[in-house]
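These notes are about the structure you will find just below.
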Amino acid sequence: MPPVEVESLSESSLPLDQAVIYRVDVLPLSDDHVEKVRVSGLGEIFRYPVYWFRSASAIPDEIQRIAQILLTDPILQRPVLSTVESFEASCLNWAEHEGQWVLQQQFLPGVTDNLGKTVEKSLGLIFPHQTLPNIQVASGQMYLVPKTHLSKAELIQAAAYQLYNPLVQKLSAISVLNEPGAGVYFAFPLVEGHVQQRVETIPLDISEDALVTLSQQRNLALTLDEMKVIKGYFENPKIRQQREALGLPQWPTDIELEIFAQTWSEHCKHKIFSAQIEYTDASNPNYPETITIDGLFKTYIADSAEKLKEKRPDLLSVFKDNAGVLQWNDTSAICFKVETHNSPSALEPYGGALTGIVGVNRDILGTGLGAKPIFNTDVFCFAHPDEPYAKRPTMLPPESILQGVRKGVEDGGNKSGIPTINGALVFESRYRAKPLVFCGTGGLMPLKVGVRLGYEKYTQPGDAIVMAGGRVGKDGIHGATFSSEALNQDSPVSAVQIGDPITQKRLLDFMLEARNRGLITGVTDNGAGGLSSSVGEMAQITHGAAIHLEKIPLKYAGLAPYEIVISESQERMTFSTNNFEVLKALADQFDVEISNIGEFHTRGTFDILQDGKLLASLDLDFLHDGLPKMKLRARWEVHKVHHPVCFSPCKDVTPVLLKLLGSPNICSREALIRQYDHEVQGQSVIKPLMGEFQTAPCDAGVIQPVLGQPEGLVVSNGICPQFSDWDPYHMAACAIDEAVRNAVAVGADPKTIALLDNFCWPDPLPSSRNPDAEYKLAQLVRANQALYDMALAYETPFISGKDSMKNDFDDGEFRLSIPPTLLISAIGKIPDAAKAVSMEFKTPGDQIFLLGRTHVHLGGSQYYRQMGWFSRYAPKVHSKSAKYLYDTLFTSIQQGWIRSCHDLSEGGLAVGLAECALGGRYGASVDIETVRDDSPELRWDEALFSESPSRFIISVSPDHVEDVKKVFEEQPLHYLGEVLPQPELKLVLEHQVLIQTDVETLRDAWRRAPAKCYESGMTP
Amino acid sequence: MSKALVLTGDGINCEGETAFAFEQVGIKPTILHINQLIAEPKQLTQFQILALPGGFSFGDEVSSGKILALKLQYALGDILSDFLEKDHLVIGICNGFQALVKLGVLPRSDVHAQQVTLTHNRQNRFINRWVSVETSGDNLFFRNLDRFMLPIRHGEGRLVVPQGKESEVATDIQPHIALAYETDVNGSFLNIAGLVNEKGTVLGLMPHPEAFVRWTQHPNWTALTDAQKAQVPAGCQIFENMAKALRN
């Protein structure tokens, strides 16, 4: 193969003194082509890209060529080349902008610079027959700010989080008038510090206070009890003897202590979900009842899945791999996983969300022998940008978080070629310090790869440990332990990183090919805890592993050995192979760097060596099982009873409805949806927005995962933290119901649905700063109890999950916790995707029915929130009747009787009807009297806006009305009215008109989204 | 049977569905990594169609399609020129179109002179939505098609011509316009959505024909009648037209 690309040039840094720095400003050819960005506080700003080249020797001609051929679009731009000697600011046409400011934005040293890296790797392309000197490339942005009265410091502050993020970038402000020396224009972001750092031994024969301090100072996030257990391990005479024989010190090396911290982190070990809990239900204070729960996960989640195993032969791998795996058809399986990336997204929203999405993609790639990611789903919980928020907490403004996260998911999903087919957005003020970012991915894998099962791992002793993809740097150190602690403004910045979707796409293409050729015997991803977790986990398969640090490729010199082991640098997979040579040749063809970094063995230890010297050796069984279970207490009492407030609803409901339609938790997500590719890979069946005007908000996404085959895969979610303040049991039941209901609404077979749980909770561990921990833990217990009950009632097993238990901000003075939040993600199957149903009314004359019972469920409802009213009655699920209803609805959809189907959620019946109308071109005439058949005590506005779960609006062609009535004979099927040819929605009760408006007005109210949230946003 | 080479690698990501679309119309697709083609460029001579699918080659860094165009030019320039001279077909979809434009193959086949460009949408953001397009002139790719819908999924689909030369270019480019948006969706010059070369054998377009090869991909399919759905989906028709052209 011709040398088309230069191998990573930054492998070894250049000596400082000899390097020549070139700068290329890529200016617009004309004013028409000037790129403008709006920055609040500064107005409209011009922007253009700038590049720096750091070369081992002078190469002016080459740089000229690079600037013209590689960096410039000849139709739009012209390059201006300079060196520190030749530089004059006037050459950039700034002279005419006297009195203005120029801002120069650069990456901080060591931060992933995808543009710079891409240019660097492409240099060889345009010099195919020439050996270039060692060249490093960095990219940045220049901004020209209009005249302003702001001082330099104020200017930089105003630009923060709009034009740059101080955690990953540097911004220099330069006044055009006072042209400074050229130095600032030629700074090159280099990682300094080339001294080989040594391994330290850390004695643990110190006081308890000192152990606690040690854990804090090293960011280990280990408790005193855990530190004492580790100390006990090293004091064990047998271990001491073994260590002596191996030439290791008595006390742990820093590598060993770090491996414990990663492996035992809440993030990796789920300590709270394994804890033994004494749970007291004191909802009746006179008769408190106490039970002991031996692990929430085991008791409620795993056990319910186990009980459903017989009914669900399609469960192939549940809660044991990086994702849950279901059989799809005779030849393939589907896997699904949802992760959270909350802490990183709070600090650097773009990088946090981007690494969240590419991270969960790697979970799929690391399931079994590897699966291909086929869809993404994203759910965000934020404070609303328009909401006034207190000065504290001193974290990013909600608008910056939303914009950054949105852009991160766009780049993560779109650039990876994975469609984002479903999602949700929840606004609540308590998310303002700790936003929640859920990133989910589904994958497709072959049931069999040769003679092996695609969803199992076959790592053998003697197999090579292979690290593939990116290199190791200081980025992402302590990510696992950092997410296991409360957030504050001093949280470690090295935990933040930016992903590189294209390097990962290359890795993905390569790994799927390697899998198909039988070259991979086992695989996992490098996520939290880096190699210490990925190799440590895979080592359990053969009962031992050894890695050699000198074989691990680094981004730059100067990493301490422990940093190499725990770094969470992105785009890396770890796998085992018995044929490294063949694998390497394939990797070269795909431009993927792979390294043989060690071997799996059977000696029962996890060993780290450097140049043959043993630096760490830990007993694998102790590492994974030595952590004692926590013992916790939980106490449930009916906490806050909201007394009903006296009120009188106004009779003119139309304005109320319009306001609800435009409210943050109901309004259209179109601005967001359109920026995510939801069709790539050609599988699309039900898109997020359907209908003639592409405005119909669909309840779930449907794709055909295997092109050319009829089966449809349904993806939906349920999340309703607004009900947590009442009783998290019912909140969780409602979330599960919502996920299942959404899937059934588009046509999923309820018998095929499987679920994922994602808990994001306020810290339920007691401390002086957390006095109501027992209550928070009780909330968690109750949510888990609902999970168990609902999984069994709906026969929908949980196949994978994740928990994030430290969603608190605490700066020592101010503490803010999120509301207990549970995301339920569902997948299911439609035997023939062509029978899927969308939600908008389709044909005039179709009969409209309400399916399901309406109760006085107004607590936490959007209507009461809007009116400022309270109710003690939040929604509750009646699972038995719901299950029956879902089965019957599935049958009716299969028969082709249902023309449209929409589930009712936020805003209840009135909002649901409005959405069915605004999704298409037809109106409806509806009488809601029948809604009171089940609950005659319903007030008229309660009937309109109650958020009772397990309900749908369906429309049925007149031909099939009798069929539908018959099949739902014993169930709550309420006739409402019919679809009108004219675009008008009319709602009456007892001959009195409650709502009358045209569909266009509804659509406008609903689509008037807070556009500023979704603008292109800041991209580092 | 005609054979199509569907290029992949470096961040191209629509190779699977593009190959599937060829299969639907009886063309045999081969998905090949660009590095595998560079290793043995002669492989290209076995094919009658070269497809550059959509995606984010090189992450759209610097600008979309730019580095892929350089890689094609420097590593495959000669073999590509030979291929273009024969009456073979080339289709560049989305990112593939961007690369063909930056390579100079479209609108006028000239591998060394870029004549127009595709850059950031007027809205300055990525857009995924189905849009109405209409064909222009007579060329083999759009036989039996007049007005139809296809999805656009791009951030850089606005066609821009050199400043000050708009009227001149408007005349020159007219015969090359193969497809135009019915309304202004991204600020593209003359609403251009797709271009062909002089011979009409090279097509580049921003909308994705491979994303409309069955009716259940259409955003309004759940409301369409069986009669409407009995027609060949427009995307499929484009692939079928290529098959027909090669049979003749």
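Protein sequence lines correspond, in order, to chains A and B. Each residue of the first sequence is one higher than the one before, starting from 1 at the first, in this note's numbering. Each residue of the second sequence is one higher than the one before, starting from 10001 at the first, in this note's numbering. We put the beta carbon where it would ideally sit given N, CA and C, even for glycine.
{"Query": "Scan the segment 669 to 700 of chain A for residues whose Cβ lies nearer than 7 Å to a Cβ of chain B and list them as they occur along the chain.", "Result": "Arg-674, Gln-675, Tyr-676, Asp-677, His-678, Glu-679, Val-680, Gln-681, Gly-682, Ser-684, Val-685, Lys-687, Met-690, Gly-691, Glu-692, Gln-694"}
{"Query": "So, is A:His-678 buried or exposed, given that buried needs 16 or more other C-beta atoms within 10 angstroms?", "Result": "buried"}
{"Query": "Using only alpha-carbon positions, find the residue among A:Asp-619, A:Ile-827, A:Gly-701, A:His-974 that is nearest to A:Ser-751.", "Result": "The sequence as given places Lys at residue 751 of chain A; Ser does not occur at that position. Comparing Cα positions, the closest option is A:Ile-827."}
{"Query": "Using a Cβ cut-off of 7 Å, which residues of the segment 10088 to 10121 of chain B contact any Cβ in chain A, in chain order?", "Result": "Gln-10114, Val-10116, Thr-10117, Thr-10119"}
{"Query": "Can you give me the start and stop residues for the beta strand (DSSP E) that A:Pro-1050 sits inside?", "Result": "Only positions 1 to 1020 of chain A appear in the structure, and residue 1050 of chain A is not among them; the question remains open."}
{"Query": "Take the Cβ of A:Gln-489 as the centre, count every other Cβ of all protein chains shown within 10 Å, and call the residue buried at 16 or more, exposed below.", "Result": "Residue confidence for A:Gln-489 is low, a pLDDT of 46 falling below 50, so the modelled location carries little weight and cannot support an answer."}
{"Query": "Can you give me the C-alpha to C-alpha distance between B:Tyr-10181 and B:Ser-10063, rounded to a whole angstrom?", "Result": "23 Å"}
{"Query": "What does the alpha-carbon distance come out to for the pair A:Arg-1007 and A:Leu-672?", "Result": "12 Å"}
{"Query": "Among residues of its own chain, excluding the 5 on either side of A:Asp-525, which ones have a beta-carbon nearer than 7 Å to its beta-carbon?", "Result": "Asn-322, Arg-362, Asp-363, Leu-365, Gly-366, Ser-534, Met-573"}
{"Query": "Let me confirm a value: B:Ile-10238 is counted as buried when at least 16 other C-beta atoms fall within 10 Å, else exposed. Which label applies?", "Result": "buried"}
{"Query": "Just to confirm the assignment: which complete alpha helix (DSSP H) runs, minimum length 4, are found wholly within the segment 932 to 979 of chain A?", "Result": "940 to 945, 961 to 967"}
{"Query": "Of all the CB atoms in chain A, is at least one closer than 9 Å to the CB of B:Ser-10132?", "Result": "no"}
{"Query": "I'd like to confirm the pairing. Which residues does DSSP put opposite A:His-678 in its beta bridges?", "Result": "For A:His-678, which the question treats as bridged, DSSP gives no partner whatsoever."}
{"Query": "Does B:Cys-10014 come out as helix, strand or coil in the three-state DSSP assignment?", "Result": "coil"}
{"Query": "Hey, how far is the Cα of A:Gln-217 from the Cα of A:Glu-208?", "Result": "14 Å"}
{"Query": "If you measure beta-carbon to beta-carbon, which residues of the segment 412 to 424 of chain A are closer than 7 Å to chain B?", "Result": "Asn-414, Lys-415, Gly-417"}
{"Query": "Looking at A:Gly-470 and A:Ser-576, is the spacing between their C-beta atoms short of 9 Å?", "Result": "no"}
{"Query": "Under 9 Å Cβ-Cβ, which residues of chain B neighbour A:Pro-79?", "Result": "Correct list: empty, because the minimum Cβ distance to chain B is about 12 Å."}
{"Query": "Step through the CB atoms of chain B and report whether any lies within less than 9 Å of the CB of A:Gln-489.", "Result": "At A:Gln-489 the pLDDT is 46, less than 50, meaning the model places this residue with poor confidence; the figure from the coordinates comes in the next sentence. No, A:Gln-489 lies away from the interface with chain B (no Cβ there is under 9 Å from its Cβ)."}
{"Query": "Using a Cβ-Cβ distance under 9 Å, would B:Asn-10013 count as near chain A?", "Result": "yes"}
{"Query": "Just grab the DSSP bridge partners of A:Gly-423 for me.", "Result": "A:Asp-378"}
{"Query": "Would a check of beta-carbon distances place B:Asn-10128 closer than 9 Å to chain A?", "Result": "yes"}
{"Query": "Rounded to the nearest angstrom, what separates A:Ala-383 and A:Gln-722 at their Cα positions?", "Result": "13 Å"}
{"Query": "How long is the line joining the alpha carbons of A:Ile-898 and A:Thr-118, rounded to whole angstroms?", "Result": "51 Å"}
{"Query": "Could you tell me if A:Asp-73 is buried or exposed, where buried requires 16 or more neighbouring beta carbons within 10 angstroms of its beta carbon?", "Result": "buried"}
{"Query": "Residues of chain A with CB under 8 Å from B:Gln-10163, in chain order?", "Result": "Leu-29, Ser-30, Asp-32, His-33"}
{"Query": "When you check each C-beta in the segment 54 to 88 of chain A against every C-beta of chain B, which residues fall closer than 8 Å?", "Result": "Ile-69, Leu-70, Leu-71, Asp-73, Pro-74, Ile-75, Leu-76"}
{"Query": "Compile a chain-ordered list of the residues in the segment 582 to 597 of chain A whose CB is closer than 9 Å to at least one CB of chain B.", "Result": "Asp-588, Gln-589, Phe-590, Asp-591"}
{"Query": "Please go through the same chain and pick out, in chain order, the residues whose beta-carbon is closer than 7 Å to the beta-carbon of A:Glu-256, but skip the five residues on each side of it.", "Result": "Ala-616, Leu-618"}
{"Query": "Is there at least one Cβ from chain A nearer than 9 Å to B:Leu-10140's Cβ?", "Result": "no"}
{"Query": "Using only the alpha-carbon positions, how far apart do A:Lys-631 and A:Leu-765 sit?", "Result": "10 Å"}
{"Query": "Per DSSP, what are the beta-bridge partners of A:Lys-631 in this structure?", "Result": "A:Gln-276"}
{"Query": "According to the Cβ coordinates, are B:Ala-10039 and B:Phe-10022 closer than 9 Å?", "Result": "no"}
{"Query": "Using a Cβ-Cβ cut-off of 8 Å (strictly less than) and excluding sequence neighbours within five positions of A:Pro-792, which residues of its own chain qualify?", "Result": "Correcting the residue type first, residue 792 of chain A is Leu in the shown sequence and not Pro. Only Ser-304, Lys-307, Leu-308 meet the Cβ criterion."}
{"Query": "Could you check what DSSP says for A:Tyr-458 in three-state terms: helix, strand or coil?", "Result": "coil"}
{"Query": "Please go through the segment 827 to 861 of chain A and give each complete alpha helix (DSSP H) segment of 4 or more residues, from N-terminal end onward.", "Result": "none"}
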